[in-house]
Each structure stands twice: as C-alpha cells, then as structure tokens.
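Step one of this worksheet: look at the structure below.
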Ligand SMILES: Cc1cc2nc3c(=O)[nH]c(=O)nc-3n(C[C@H](O)[C@H](O)[C@H](O)COP(=O)(O)O)c2cc1C
Ligand SMILES: CC(C)CC(=O)C(=O)O
C-alpha cells in the first residue's frame with residue numbers, strides 16, 4: 001500500500017504532539033520511518049530521554065498572578081517569542097515533498113527558530129531567501145576538508161543565519177540497528193545539497209579497523225572548534241555536550257553556547273537522558289554561556305522542567321518531523337503551537353509568568 005498524502009486539515013483527535021505519530025507512520029515508507037525513529041543499539045537512551053521527564057515532578061504553586069505573562073526570551077542579541085526551537089534534522093524530503101521549505105514555513109508562521117542541518121535537502125540559501133523565512137541558525141557538521149566547512153560558514157553568514165551550531169557528538173552515526181534491519185539507504189533522488197558532493201566515506205585497508213583506521217581518520221577534534229572560533233563572525237554553539245568536563249573545556253575555549261543533547265539517543269546507546277545530564281552541566285557552566293537542551297521534549301511541562309534545571313531554551317526533533325510528515329507546514333505550526341500553549345498553561349499554574357521566573361524550586365526534587 002502506498003503512503004497516504006499529507007492531511008490538509010488537522011483532525012480533532014490530534015491534541016498533543018504525540019498524536020502525530022500514528023498519522024506520520026501512515027504517510028512514510030518503512031525506510032523513512034526507520035530513519036526517523038531510530039536510536040542507537042537497543043534504544044535505551046531514546047526511551048530514557050522520555051521516561052526521565054515523567055520522573056521529574058512539578059511542585060504546583062497556587063494563587064500566583066500570571067496576568068500579562070509571556071514566553072519571550074533573548075539569546076545572543078536576538079529576541080525570540082518562545083523557547084521551543086526546531087532541532088536540526090537531516091534529509092527532510094524523506095518526510096515531505098517540500099522538505100525543509102515546508103518546515104521553515106511552519107516555523108515562520110509561529111515565529112519559531114529553526115536550526116537547519118548541514119544535511120538538508122533544500123539549500124541553505126533557498127531556506128533563508130523564502131518570502132516567509134523563520135529566524136535561522138545553521139548546524140554545521142565539520143567536513144574533512146576545512147575549505148568546505150569554511151565555505152558553509154561564509155554562506156550561512158551571508159544569508160543571515162544568526163548562529164552556528166557545531167554538532168560534536170556524531171563523529172560517526174553510531175550503530176543504528178533499526179536502520180540496518182530496515183535496509184535504510186537514502187533514495188537516489190535525495191542528497192545533501194549544501195555539500196559539493198557526497199564526500200566518500202573514509203575506508204580502511206583489509207585487516208584494519210573500519211572505525212579507528214577508517215571513519216575516525218577525518219573526525220573533528222577540539223582544534224577544529226578553536227579554528228571555527230577564529231574564523232566565524234557568528235556565535236558558536238556546541239551541540240551534543242553531556243559531560244561537565246567537556247562543557248567546562250568548551251567554555252574556557254570561548255564557545256558562546258552549549259546544547260546538552262545525546263542526539264535523541266541516535267548515536268551512543270546507554271548514555272543518560274539529556275535532562276539527567278543538564279544539572280551537572282549547568283553547575284559547571286555556572287552562567288558563563290547559555291545552555292539549551294534537546295532529547296525527549298514532548299510536552300510543555302518538559303520544556304518547563306528543562307528551563308527549571310538550567311536551560312534557556314529547548315529544541316524538538318522527532319515531534320515536528322512527525323507533524324511535517326502528517327500535515328506539512330500546517331502540522332509543524334500546529335505542533336509548535338500546541339507545545340507552546342502547554343508551556344503557558346504550566347507557567348500559569350506554577351506562578352511563573354515569565355521564563356526567567358522558572359527555577360528548580362518549582363519542581364518537587
Ligand atoms: C531523523 C533525524 C535526523 C537528525 N539529523 C540531525 C542532523 O543532521 N544534525 C544534528 O545535529 N542532529 C540531527 N538529529 C538530532 C536532533 O537534532 C536532536 O538532537 C534530536 O532529534 C532530539 O531528540 P528528539 O527527537 O527526542 O526531540 C537528527 C534527529 C533525527 C530524528
Ligand atoms: C548522517 C547522520 C549522522 C545525520 C544525523 O545527524 C542523524 O541522522 O541523526
């Protein structure tokens with residue numbers, strides 16, 4: 001049976017972002033579904049990202065006034081209407097025929113920051129130049145050839161992207177058994193159009209390790225971050241920080257922000273949940289740079305908990321992609337609006353009319 005077309009109206013039974021999952025499944029091939037949902041190994045970390053949020057309880061404070069409240073925040077010199085951002089997700093034409101263009105439209109109408117992946121299927125120029133473009137950051141996968149990375153940085157700067165997000169936790173994709181079992185391969189009509197051509201995967205000679213002598217030959221290191229800091233005119237944010245030691249190193253080096261993330265459990269299985277790693281990272285960072293978090297955000301209450309534990313904002317991945325697959329830009333916009341309104345309800349019922357008032361004391365820890 002061929003997949004269904006995207007919905008053109010949101011059905012009344014979609015009231016939470018998780019409701020998009022079943023509608024997305026009916027509209028995606030088995031391979032695209034496996035790629036979207038996959039985690040590394042046995043997917044313990046994928047599940048833990050979700051479970052850890054439900055184990056953190058709110059406190060509930062009554063009779064506080066929330067009239068005149070709002071969800072605005074300021075980051076790196078720009079004001080954002082709310083703290084729910086779209087995480088970089090590769091190859092979005094796997095999920096909707098307009099790919100990142102459709103996501104960007106849904107983001108623009110809800111005034112949502114979108115982080116565009118290096119591995120997008122629409123060029124970074126086309127996304128930025130759309131008549132209705134959202135605020136944008138560019139996610140950079142450092143390339144083996146520095147001149148290719150530099151070209152991406154210059155293009156992002158020229159097109160008005162406001163920050164560079166360097167993903168540092170995926171020197172290789174990890175072991176994704178779900179993708180392997182589904183025989184996932186990128187369809188021949190799709191490619192990472194920002195890159196000159198798909199760089200060949202480094203190979204190892206017979207008898208050598210595929211990992212140490214192959215994939216890791218061109219993997220980035222801290223010296224590459226130093227190099228980006230010396231070249232870029234934009235704030236540089238590292239995505240994929242879980243260890244306080246790395247967070248401290250990055251701050252000392254002069255990075256401008258951190259994203260606590262385990263890549264949605266897609267790279268290294270049995271890492272803790274991102275929300276579990278946040279408090280120790282926040283303690284060592286001690287306000288030197290803003291911290292964001294992604295992994296497992298499915299409810300406005302999850303956003304509230306992340307903010308209470310030290311994040312300035314969060315990113316969502318799979319939920320908006322499921323909404324994109326189910327209902328295109330309309331789905332993306334509706335999913336974000338749903339999360340934002342849930343956050344507002346939790347804020348109002350916790351006596352925290354603005355984001356800066358959300359603290360650990362609003363949780364039952
Ligand atoms: C299909 C898919 C593709 C992804 N591609 C990228 C990518 O290109 N670059 C990146 O930094 N992270 C990528 N991620 C990770 C997300 O940015 C984010 O860390 C993760 O999805 C957050 O977890 P969540 O899906 O539970 O919200 C991808 C995630 C998914 C689900
Ligand atoms: C090629 C992959 C590493 C892209 C990615 O970040 C992901 O699928 O999670």
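Numbering (full-length UniProt numbering), first residue to last: 1 to 365. Beta carbons are placed, not taken as given, at the ideal position from N, Cα and C, and that holds for glycine.
For residue 185, the closest of 85, 31 and 314 by C-alpha to C-alpha distance is 31. Residue burial is scored here from C-beta neighbours: residue 181 has fewer than 16 other C-beta atoms within 10 angstroms and is therefore classed as exposed. DSSP places residue 294 outside any alpha helix (DSSP H); the residue lies instead in the beta strand (DSSP E), whose first and last residues are 291-294.
Per DSSP, the continuous alpha helix (DSSP H) segment holding residue 35 begins and ends at 30-37. For ligand 1, a non-hydrogen atom lies closer than 7 Å to the CB of residue 119. Going by DSSP, residue 20 is part of the alpha helix (DSSP H) stretching over 20-25. For residue 263, the distance from the CB to the nearest heavy atom of ligand 2 is below 7 Å.
The shortest CA-to-CA distance from residue 27 to any of 64, 324 and 145 is the one to 324.
Proximity to residue 163 across 256, 121 and 174 peaks at 256, based on C-alpha coordinates. Counting the other Cβ atoms within 10 Å of the Cβ of residue 314 gives 16 or more, which makes it buried. Residues lining ligand 2 by the Cβ criterion, that is a Cβ closer than 5 Å to any of its heavy atoms, are 90, 170, 173 and 266 in chain order.
Taking 8 Å as the cut-off, the beta carbon of residue 347 is found no closer than this to the beta carbon of residue 40. Judged by DSSP in its simplified three-state form, residue 157 adopts helix. Taking C-beta separations shorter than 7 Å and ignoring five residues to either side along the sequence, the partners of residue 271 in its chain run 45, 242 and 262, following chain order. One alpha carbon belongs to residue 135, the other to residue 206, and they sit about 47 Å apart.
Excluding sequence positions up to five before and after residue 8, its CB lies less than 7 Å from no other CB in the same chain. Here residue 305 carries a helix assignment [DSSP, helix/strand/coil]. In this structure, residue 194 places its C-beta atom within 8 Å of the C-beta atom of residue 123.
For residue 63, the three-state secondary structure derived from DSSP is coil. Under DSSP, residue 85 forms a beta bridge with 315. Judged by pairs of C-beta atoms under 8 Å, the stretch 109-116 touches the stretch 320-339, as three or more such pairs exist. Residue 260 carries a strand assignment under DSSP once its states are collapsed to helix, strand and coil. The three-state reading of DSSP puts residue 218 in helix, counting H, G and I together. Per the coordinates, the alpha-carbon of residue 121 lies some 15 Å from the alpha-carbon of residue 105.
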